[in-house]
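Reading the sequence shown from the start, the letters are residues -21 to -1, 1 to 540 in mature numbering (1 follows the signal peptide of the UniProt record, and there is no 0).
Glycine included, each C-beta is placed from N, C-alpha and C at the ideal position.
In this text the structure is predicted, and so the values were computed from the model without any measurement.
Before any comments, here is the structure.
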Amino acid sequence: MGMRGVLLYAVFAVFIDPCRGTLTNCNEVRKVFQLKEIGPVKSVPETPRTGSDLQVCLSKNLTCCTKKMEERYQVAARRDIQNLLQTTSSSLKFLISRNVAAFQETVESLVHQAENHTHAVLLHTYRDLAGPAAAPLGEFFTDVGLFVLGSELSLEEASQRFFDALFPLVYERLVEPDLSRMSLSYSECVRASCRDLGPYGGAPGRLAALISRASMPGRVFLQALHLGVEVINTTDHIQLSRECRRGLLRMSYCPHCQGLTTSKPCMGYCLNVVRGCLASLAEVDAHWREFVRSLETLSTRMHGAQDLEQVLLEVHGLVRDAVAHAQRNAPRLSAQVRRVCGDPVRQQPEQVSSGQHGSAGRDSIPLKGAVRNADDTLSNRRKEFLSSLRLHRAFYGGLADQLCVSDLAPGDGTACWNGAGVASYTLRVVGNGIKAQAENPEVKVKEADPVISQVIDKLKHINQLLQGKSIPKLGTLDQIETGSGDGYSGDCDDEDGCWGSGNGAAERRRIETMLTPGNTNNHRYHHPQSKGFDQMNSGTRGTQSVPLVLVSICAFALLSG
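So, in structure tokens, the structure goes:
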């Protein structure tokens, strides 16, 4: 062969067999092993050895890997892919979570604005009534805020309690204005008679129905956003199959065994491995796209009677008219109250508290219209959010490709690892999804991940609600959270607006604390079960809310027709 032939052979051997040409010690492997905190550095051999005990990183050449290292590498490969998933989804998750908080803050601000305006109108129209009415008014709007944000309290009962508490004040100041202050016992009798006497006509029921109807789309919208975060959390922590873990190990860390610590997988090779590992996530794609479209569909319908902002800022008119109705019927109410409670019993002078004279507490609030900041409305917040969310509608369909292109595989023209050595990858690249993996040469996929299938089922159900194609039975949004899929019945046209009353139970304790700290013993907190999403069932909702929901749905259907 001659000296020249020997040299050429040596050079050729270096290029076609990096291990034999360059792997003289394991120093670089040890350095990276320690840097990535894969395991104790003492487990890395000083010099290359035969790898007869290895199960995945097999090689005919000497190796710097041991069986223990291989196990550590597999754990590291799984950790790496899950970290990548969480990093890749972080902007989407933050977008949804941030807007959940923003919507809640806007709703709270809107409810307080509606309360202040209602009090201001009472102050202007019935000055002596406004001060004492502030407390029951505040309790009512606190209940409204809780209901809008997902609490399971009965809004009809909350409305009736408000008007019950208002009746002794109306009776004392408007129906029998010549009376001095009533005794506490007589005042309680007047309050208790309110529901039988009906001094406000149908105002309590109308108020509850209006707010309930306007709140339903928003409750479903917020519930959908919570589910969106749950979907991301679930897919971020997908359980990787044994085949997938071995494939990731072979792709990411087996080259380290041959001293190729800086090599990256070929693009086609990476796509096959990651598409195989994330095949179940690709199945989420169609339903996630539908989820984004359904949120947009619901948003376009939140106007008129379903515009929560508009309805809440008009509550003052209904309350004012209800009081006026009672005042117009003063003679009848006076006779009826005397028949039930007897002649008025006046309160002794020493029993009259300062809070019962005239208007108090909030009578300094001037009358002015509710100001609607054009840049901080619920409608504008939804539009901005949906515009941003639309950019993520293909998130799950392109997830595997994004991981390979952005993080795992090198750019074109760069030497790459093909699973056996540094050379081009010539095997067929499969598509996304479970069915496409039948021909995957790198990762065998037997079936869909049952946890991801459950997430898909939840998305299907919430999409039906968002589109108004299903009428949820009471408590079915709890079932969406726990994965039950049999709680829906009935279909209706898109124009019927068949909105469920939502759930929000998982957020309820936080919302209660946020809106009314220290009031956990109040009557309004006795309606729902004190359980999280996973413990709720369809029987937890109070029966008093059933007529209200059915009336709201029927009324909406009639108006739409």
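Of the candidates 186, 99, 412 and 45, the residue whose Cα lies closest to the Cα of residue 133 is 186.
DSSP places residue 34 outside any alpha helix (DSSP H), giving it a letter other than H or E. Taking all protein chains in view, the Cβ of residue 78 is crowded by 16 or more other Cβ atoms within 10 Å, so the residue is classified as buried. When DSSP states are grouped into helix, strand and coil, residue 405 belongs to the coil group. Comparing C-alpha distances from residue 361 to each of 116, 51 and 201 shows the shortest one belongs to 201. CA-CA distance, residue 197 to residue 188, rounds to 15 angstroms. Taking a cut-off of 8 angstroms for Cβ pairs, the stretch 40 to 54 and the stretch 4 to 19 touch, as three or more such pairs fall below it. Taking C-beta atoms under 8 angstroms as the contact rule, residue 424 and residue 433 fail to qualify, at a distance of about 18 angstroms. For residue 443, the enclosing alpha helix (DSSP H) has its first and last residue at 429 to 446. For residue 47, the uninterrupted alpha helix (DSSP H) run begins and ends at 46 to 104, by DSSP. Where residue 375 is concerned, there is no enclosing alpha helix (DSSP H), because DSSP gives it neither an H nor an E. Residue 71 sits close to residue 371, with the two beta carbons spaced by under 9 angstroms. Residue pairing of residue 396 in beta bridges, as defined by DSSP: 244 and 401. Going by beta carbons, residue 241 and residue 447 fall outside the 9 angstroms limit. Rounded to the nearest angstrom, the gap between the Cα atoms of residue 23 and residue 357 is 59 angstroms. Contact annotation: residue 444 and residue 100 have beta-carbon atoms that are not nearer than 9 angstroms. Under the three-state reduction of DSSP output, residue 160 falls in the coil class, being neither helix nor strand.
In chain order, 258, 261 and 262 place their CB closer than 7 angstroms to the CB of residue 412, counting only its own chain and leaving out the 5 sequence neighbours on each side.
Residue 123 is not a Cβ neighbour of residue 146, given a cutoff of 9 angstroms. Across the structure, residue 302 and residue 109 are spaced so that their CA atoms are roughly 11 angstroms apart.
With contacts defined as CB atoms closer than 9 angstroms, residue 142 and residue 105 fail to qualify as a contacting pair.
Taking residue 254 as reference, the option from 76, 230 and 158 with the minimal CA-CA separation is 230. Residue 219 is positioned such that its CB atom lies no closer than 9 angstroms to that of residue 35. Distances from the alpha-carbon of residue 398 to those of 88, 422, 73 and 158 put 422 closest. Shown here, residue 121 sits in a helix according to DSSP, grouped into three states. Just measuring C-alpha positions, the residue of 309, 384 and 376 sitting nearest residue 153 is 309.
Distance from the CA atom of residue 238 to the CA atom of residue 68, rounded to whole angstroms, is 33 angstroms. Secondary structure note for residue 211: its alpha helix (DSSP H) is the uninterrupted segment 182 to 215. Contact between residue 316 and residue 161 is absent: CB atoms are separated by about 10 angstroms, not below the 8 angstroms threshold. Residue pairing from DSSP places residue 42 in a beta bridge opposite 28.
Here residue 298 is buried. Its C-beta has 16 or more other C-beta atoms within 10 Å. Assigned with DSSP and collapsed to three states, residue 237 falls in coil, not helix or strand.
Sequence-distant partners of residue 28 (beyond 5 residues in either direction) whose C-beta falls short of 7 angstroms from its own C-beta, in its chain, are 41 and 42. With contacts defined by Cβ atoms closer than 9 angstroms, residue 403 and residue 245 form a contacting pair. Minimum Cα-Cα distance from residue 33 among the listed residues 279, 321, 225 and 270 corresponds to 225. With respect to the 9 angstroms criterion, residue 60 and residue 236 are not classified as neighbours on the basis of their beta carbons.
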